[in-house]
Amino acid sequence: MKDGFILYCSHYPTINKLSNEDKGKLLDAVFLYHIKGIEPKFDSFPVELAFSFLKQQFDRDEEKYLKTVEKNKSNGSKGGRPKKSEEPKQPSGIIGILEEPRKADKDKDKEKENNKEVKNKYEHKIPILKQDDGFLSSIPLEWNPIISKWLDFKKERKESYKSFTSLNIMFEKLKKFSNEDPIIGLEIIENSISSNYSGFFELKNNQNGTDKLSNSTNKITRNANDKSIYC
Numbered sequence: 001m002k003d004g005f006i007l008y009c010s011h012y013p014t015i016n017k018l019s020n021e022d023k024g025k026l027l028d029a030v031f032l033y034h035i036k037g038i039e040p041k042f043d044s045f046p047v048e049l050a051f052s053f054l055k056q057q058f059d060r061d062e063e064k065y066l067k068t069v070e071k072n073k074s075n076g077s078k079g080g081r082p083k084k085s086e087e088p089k090q091p092s093g094i095i096g097i098l099e100e101p102r103k104a105d106k107d108k109d110k111e112k113e114n115n116k117e118v119k120n121k122y123e124h125k126i127p128i129l130k131q132d133d134g135f136l137s138s139i140p141l142e143w144n145p146i147i148s149k150w151l152d153f154k155k156e157r158k159e160s161y162k163s164f165t166s167l168n169i170m171f172e173k174l175k176k177f178s179n180e181d182p183i184i185g186l187e188i189i190e191n192s193i194s195s196n197y198s199g200f201f202e203l204k205n206n207q208n209g210t211d212k213l214s215n216s217t218n219k220i221t222r223n224a225n226d227k228s229i230y231c
């Protein structure tokens, strides 16, 4: 493991929600992970959630770093960049005139290459859902463990999202229901999983105007005012 790590500004909105005490616990956990390779046990779920998405980023950075080191090592063992030939280009037989490649062939090769690039460009614009990992990498890091948990639950029910469009609709609904707060989003997901619902619901407002789950009952009355998403 390299001697250091990077924290990104995109991490701050979630970390800022923690108390000063929890921020201290999170920082200590980050150092322990990099110095000793230990994943600490947490007594605070918000700290555990924050550490989980930081750890994912650290692991990605470490993987990129190791690939770069391995690539440089491989290039070094081959003697580095090959030397250019010092011999001058041989003339074609006519003094002062060097043979040039035929423009027709060069233009054809260039045209084929351009057509290939255009084809690849538009092929990538067609979303083909092969695995959930592709979608998870397209959303903010702090939402990764939450959406991953929901997708695992859907697989257990033998249900799935058929396209990136349906995944995006699901994610936008969850952000709307949670006011884009990952901690509230996790509450919504866990409520649906514990009740074995195929969709998730917006939390009911308590008397103080804060979204909370009702502890008095595990049953959610489905009426015309319920907001839900089903797949």
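The opening residue of the sequence shown carries number 1 in full-length UniProt numbering; numbering runs sequentially from there. Note that the Cβ used here is the ideal one computed from N, Cα and C, for glycine as well. Because the structure is a prediction, the values reported are computed rather than measured.
Simplified DSSP state of residue i, which is helix, strand or coil
{"i": "F42", "result": "coil"}
{"i": "F51", "result": "helix"}
{"i": "F200", "result": "strand"}
{"i": "Y8", "result": "coil"}
{"i": "D22", "result": "helix"}
{"i": "residue 237", "result": "Here the chain has residues from 1 to 231 only, and residue 237 is not among them."}
{"i": "S74", "result": "helix"}
{"i": "N191", "result": "helix"}
{"i": "K17", "result": "coil"}
{"i": "D3", "result": "coil"}
{"i": "I94", "result": "Note that I94 scores 49 on pLDDT, short of 50, meaning its location in the model is unreliable; the coordinates nonetheless yield the value given after this. Reduced to three states, the DSSP call for I94 is coil."}
Neighbour-count burial assignment, residue i, 16 or more Cβ in a 10 Å radius
{"i": "P127", "result": "For P127, the predicted model reports a pLDDT of 38, less than 50, meaning its position is unreliable; a value from the coordinates is still stated below. Burial call: exposed."}
{"i": "T14", "result": "buried"}
{"i": "V47", "result": "buried"}
{"i": "G185", "result": "buried"}
{"i": "L203", "result": "buried"}
{"i": "I38", "result": "exposed"}
{"i": "L32", "result": "exposed"}
{"i": "T210", "result": "Interpretation of T210 is limited by its pLDDT of 42, a score under 50 that renders its predicted location unreliable; the figure taken from the coordinates is listed afterwards. It is exposed - the Cβ of T210 has fewer than 16 other Cβ atoms within 10 Å."}
{"i": "L167", "result": "buried"}
{"i": "S138", "result": "exposed"}
{"i": "S178", "result": "buried"}
{"i": "N208", "result": "Unreliable positioning characterises N208 in this predicted model, as indicated by a pLDDT of 40, which lies under 50. The coordinate reading is nonetheless provided below. Counting Cβ neighbours within 10 Å, N208 comes out exposed, since fewer than 16 surround it."}
Beta carbon of residue i nearer than 8 Å to that of residue j
{"i": "L174", "j": "F53", "result": "no"}
{"i": "I201", "j": "S194", "result": "Here residue 201 is Phe; the residue named in the question, Ile, does not match the sequence. Not in contact: F201 and S194 (Cβ atoms no closer than 8 Å)."}
{"i": "L18", "j": "A50", "result": "yes"}
{"i": "F171", "j": "I147", "result": "yes"}
{"i": "L151", "j": "N144", "result": "no"}
{"i": "K25", "j": "S10", "result": "no"}
{"i": "F5", "j": "F58", "result": "yes"}
Minimum Cβ-Cβ distance from residue i to chain C less than 8 Å
{"i": "F153", "result": "The structure shown has no chain C; it contains just one protein chain."}
Entirely enclosed alpha helix (DSSP H) segments - the region 127-185, minimum 4 residues: 132-136, 144-156, 164-177
Validate contact between the region 58-74 and the region 150-168 using beta carbons, cut 8 Å, 3 pairs: no
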